[in-house]
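Participant: Below is a structure I'd like to ask you about.
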Amino acid sequence: MPKVVSRAAVSSSTDAKPTASSIAALKTYYCICGEYLLVIDINLFALPRRKTDEAIIVRSQDTSAAKARIFKLNATMGQPILIQREGGHERQWRYHCPRCTLPIGYQVSPPPDKGPFLYLMKGSLTQHQGEVPVDAFAGENGT
């Protein structure tokens with residue numbers, strides 16, 4: 331005899347007013363290889379960019395001035411690297427795609443602490459699985 335998981339009935343109405351949870355749709359982003367990487371509560375292109383490398387800034391901790399974004403990142407943490415910046419150096423703990431190991435973002439605070447910001451590299455994520463982002467090769471010369 332088959333096992334009954336639930337006897338609940340699902341009903342909906344097209345006349346019902348939208349709820350807060352139905353309005354706040356989550357956005358899903360993928361790596362160039364097609365691997366799911368990020369679910370977030372806002373369109374990434376609406377977020378501010380970092381002036382040094384045009385990385386997308388995702389706030390990951392609440393402050394008195396602003397609330398953290400709600401997101402889930404599916405990436406592996408790599409070894410820290412040192413980047414030369416104007417006026418000094420910056421240590422980055424990079425996140426990589428778990429399938430193809432492409433670097434997709436970084437934080438500047440050492441793990442296991444979650445830094446105040448997550449930076450997503452320009453051109454590393456796409457909204458459509460299997461599609462190359464428009465800005466993936468921005469700045470590359472044609473040779």
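Under this note's numbering, the letters of the sequence shown match residues 331 to 473, in that order. Glycine residues also receive a C-beta, built at the ideal position from the N, C-alpha and C atoms.
#1: Identify the residues that DSSP records as bridge partners of F447: which are they?
#2: Among the candidates Q422, I400, I362 and R380, whose CA atom is the shortest distance from the CA of V296?
#3: What number of angstroms, rounded off, separates the C-alpha of G474 from the C-alpha of V438?
#4: Just verifying my parser: in three-state terms, what is the DSSP assignment at F467?
#5: Between R379 and G460, what straight-line distance do the alpha-carbon atoms span, to the nearest angstrom?
#6: To the nearest angstrom, how far is it from the Cα of L403 to the Cα of I411?
#7: For M451, which of P440, Q422 and D443 has the nearest alpha-carbon?
#8: What's the C-alpha gap between H426 and Y436?
#9: Which runs of the beta strand (DSSP E), 3 residues or longer, sit entirely within the region 393-430?
#10: Using DSSP with H/G/I as helix, E/B as strand and the rest coil, what is L374?
#11: Label V388 either buried or exposed according to how many other C-beta atoms from any shown protein chain fall within 10 Å of its C-beta, with 16 as the threshold for buried.
#12: Cα separation between L455 and R415?
#13: Looking only at DSSP bridge pairs, what is T358 linked to?
#14: Within 10 angstroms of the Cβ of F375, are there 16 or more other Cβ atoms? Answer buried if so, exposed if not.
Facilitator: In this structure, then:
#1: By one-based count along the sequence shown, residue 447 stands at place 117. Paired residues: R389.
#2: This structure cannot speak to residue 296, because the chain is shown only from 331 to 473.
#3: The chain is shown only over 331 to 473; residue 474 falls outside these bounds and no answer can be derived.
#4: Your numbering for residue 467 matches position 137 in the sequence shown. In the structure shown, F467 sits in coil (DSSP, three-state: anything other than H, G, I, E or B).
#5: For the purposes of this step, residue 379 is identified with residue 49 of the sequence shown, where counting begins at 1. For the purposes of this step, residue 460 is identified with residue 130 of the sequence shown, where counting begins at 1. Taking the straight line joining both Cα atoms gives about 24 Å.
#6: Position 73 of the sequence shown, counted from the start, is the residue given in the question as residue 403. Position 81 of the sequence shown, counted from the start, is the residue given in the question as residue 411. Cα to Cα, L403 sits roughly 20 Å from I411.
#7: As a working note, residue 451 is residue 121 in the sequence shown. When only C-alpha atoms are compared, the closest one is Q422.
#8: Translated into positions along the sequence shown, residue 426 becomes position 96. Translated into positions along the sequence shown, residue 436 becomes position 106. Roughly 9 Å separates the two Cα atoms.
#9: Here the runs fully enclosed are 401-403, 406-415 and 418-426.
#10: In the sequence shown, residue 374 corresponds to position 44, counting from 1. Of the three classes helix, strand and coil, the one that applies to L374 here is helix, per DSSP.
#11: Within the sequence shown, numbered from 1, the residue matching residue 388 stands at position 58. So V388 ends up on the buried side.
#12: Counted from its first residue, the sequence shown places residue 455 at position 125. Counted from its first residue, the sequence shown places residue 415 at position 85. Going by the C-alpha atoms only, they are around 24 Å apart.
#13: The residue you call residue 358 lines up with position 28 of the sequence shown. Answer by DSSP bridge pairing, in chain order: V369.
#14: Along the sequence shown, read from residue 1 onward, the residue named residue 375 stands at position 45. Result: exposed.
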